[in-house]
Structure formats: C-alpha cells, structure tokens
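Position one of the sequence shown corresponds to residue 27 (the numbering used here), numbered consecutively onward. Positions of the beta carbon are idealized from the N, C-alpha and C atoms, including for glycine.
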Amino acid sequence: MDFFISKEQMMLKNEIIDFAKNHLNDNKYIETFSMEMWKEISDLGLLGVTVSEQYGGLGESYLTAALMFEGLGYACKNNGFIFVINNHIWVGQNLIYLYGSEELKEKYLEKMVAGQKIGAIAITEAEAGSDAMSMATHAEDKGDHYVLNGTKMFISNGPIADIFIVFAVTSEGAFKRYTAFVVEKDFEGFQVCEDIKKMGLGACPTSEIVLDNCIVPKENVLGRFNMGANIMTAALEWERCYEFAPHVGVMQRIMEKCLEHVNNRKQFNRLIGENQSISHKIADMQMSIELSRLMLYKIAWLKDQGKSAFMESSIFKTYVSENYIKTCRDALQIFGAYGYTKDYEIERELRDALACSIYSGTNEMQKNTIYNMIRSRVV
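Right under this line is the structure:
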C-alpha cells in the first residue's frame, strides 16, 4: 500500500486552505446557505475534482480529493456549507458519473460540475432510516415513463437542489428490488417541502420531498433497472469516506485552537496546558487526527486502485464521528465557560458535530456491518 503525497497534491491542498480562509468564512452565512459562496467554490473547480476533463472536471485522483477535502474542513468554519458540497459531489453528481448512461452524463454532468445545478440523494423515509431497504416509495412502469409515489425525509440539500437521485421499489416479489432514478425538481408530481430547522449544520438546508404521481422519463433510470441496491451500497461507501474527510481537518483546526488557548491561559499562576488532565486531552486529539488521516488515505488509495472499501469506510465513519464529537466536547471543557459562549464558536462546532454519528447510517449500524463482514470471513 502506497499513498505517497506529491508536491503537486500538497499544493492543491494548500490552495484550498488559502481559498477557504479568504472566501468561505463570512459569519453572516454560518446558519444559512449562500449562493454567493456556492458560485465561488464552483468557479474554483472543486466540484469536479475527480470528474474527467471530458465533462469539465479536474480529473484528479481520489487521494488528491481526500487531501483537498481535509484542507477544506481545516480552513472553512462553515460545516453546513461543506456538507452541501459533499452531498452534491459524492452522492449526487458522482453517481451519475459512475453509473449514468452517456445520455444522462451529457445532460447533467457539465452543469453539475460547473455548479449550475445542485445535486442531492433521496433514500431516507420517515419509517425507513437505518433500515433503508424497508422504503415504501415505489415506481410503476407506464410504458415510456415511470410514475413514482412516496415521501422521502431529511433530504440534505433538498430546498436548494435541482437534481435528485431517488431510490424506489420496482419489484415486490420474494425479494424487493430497487431502482435509482435521476429526478429533476421541475418534474410533474415532484414537491419539495420547507426547510427543516436543525440543531446544527444550519447552512445545509434539509427537507422532506413528496412524489405524488411523479413522472420520470425512462431514460432517467440510473444504472440498470432493479439494480438500485448496488448503487445505494456504493453511494453509502462514498458518503462514509468523503463526507467525513473534512472532519479530519476540523479536528486539526480545533486542536490547534485549544493548543493556543492552553499555552496562553493561566490559572493558579501556571499555564493550564501544564496540567496533565488538559495536556492529555490535547494528546488524545492528536492521536485521533493521525489515525483518522491514515484511514482516510487508505480508503482513497483503495478507490484509486478500483477496489471496494465498504468495511473500511464503515470503520472510518464510526471512528471519525466518535472522535470528532469527543474532540469538540474536550475543547468545550478546555475553554470552560468561554467555550459555552457564542463568541468562541466551540459550542457551534459541537452542535454541528453531533449529527455525524447519525447521518450516513448510525454508528450502531456501522458496527453491525463491521461485525457481519468480519464474521463472513471466518464462518
């Protein structure tokens, strides 16, 4: 296994860091989506980082993408906005790039890479969260088109998205089968509901969507009919890697902020960093960062080799989310009452972090996945 980081890759990471620090930290957009910031990140070219130049992308490796998104998390304090970017790229645009027909690619990819169209994925339902396969949304074949009926819940990017990857039941036999559809917000029978107010990640609008006899052209089937479960599995693998890559950078930023604080703050005539209870929290943060980074680079290397990283992405997602939350909680403790105030932004970091043990499949479900995959190798 070799994930050597070249000078060119580090330059791209540093470019993202410099750009984000200068263009993506306007506090007036910390709790609301900014189309102005979206245009800036689109013009930079980040949206097409791994898409080939044929469709307007940069054609970079997945390892390069991992470095760039780690840098984005480090430099951009707007975690919700990063969440919008990740949902658009990895479980919207990326699925069309990997599984779409040439017709679908030509129709949607360039506009998505350019940021002219925003993407989203629609799997979750009110009664089908962790158990995605129990979804009730279904599609009927009507000859030259499909008709979709159902409701999807907690759809990130929902209120701002133009293009949705919607999963629906297409066979009710002995085993349910599913199909993925590319659905435009203007399709007849498609409705986006109001933004759901959340505890954190305020800059990422989230909503329910309703499909009421929604008409979808036959050519908008993504991949093969009745093979949507495979695409769903792949989508979750990408999501669990690249939506958590920025968290590694966020942990680095928080750790550095804590380090600066403990080396300046005095209590009882000594720097608080000299107290072992404090210094050990900083050490824990650094260990979490290093181990998370190694796992991230390993997954990116596997994807560059064309290999599966399903178990690895579940391990990464679980480890990063638990340690990201712990890092934020420890930072709050280190800053004390100051950390609980709005001015120091630690409380917002914690609110944003708490959701990561839930989205992309709860950590409890990830541990089930990890155990079952280990067990299948032994039994």
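query	result
Burial state of Lys343, where buried means 16 or more other Cβ atoms lie within 10 Å	buried
8 Å CB neighbourhood of His273 in its chain, flanking five on each side removed	Gly99, Ser318, Val346, Ser347, Tyr350, Ala379, Cys382
Burial state of His164, where buried means 16 or more other Cβ atoms lie within 10 Å	buried
Three or more C-beta pairs below 8 Å linking the stretch 240-248 and the stretch 71-78	no
Ordered list of beta strand (DSSP E) runs contained in the stretch 232-283, each at least 3 residues	232-243
Asn104, DSSP secondary structure in three states	coil
Beta carbon of Phe193 nearer than 8 Å to that of Ile149	yes
Arg296 - partner residues in DSSP beta bridges	Gln293
Cross-strand partners of Ile181 (DSSP beta bridge)	Ser233
Spatial neighbours of Ala152 in its chain, beta-carbon cut-off 6 Å, leaving aside the 5 residues before and after	Met179
Burial state of Lys223, where buried means 16 or more other Cβ atoms lie within 10 Å	exposed
Exposure label - Gln392; buried when at least 16 CB within 10 Å	buried
Delimiting residues of the beta strand (DSSP E) encompassing Ala194	189-198
Gly365 vs Ile372 beta-carbon contact at 8 Å	yes
Whole-angstrom distance between Phe270 and Thr76, CA atom to CA atom	17 Å
Asp188 to Ala309 span [Cα, whole Å]	44 Å
Nearest-angstrom Cβ-Cβ length linking Lys137 and Leu93, presumed shorter than 8 Å	The Cβ separation is near 26 Å, so there is no contact.
Inter-stretch contact at 8 Å, needing at least 3 Cβ pairs: the stretch 325-339 / the stretch 280-287	no
Reference Val209; option with closest CA among Leu322, Val173, Ile298, Met253	Val173
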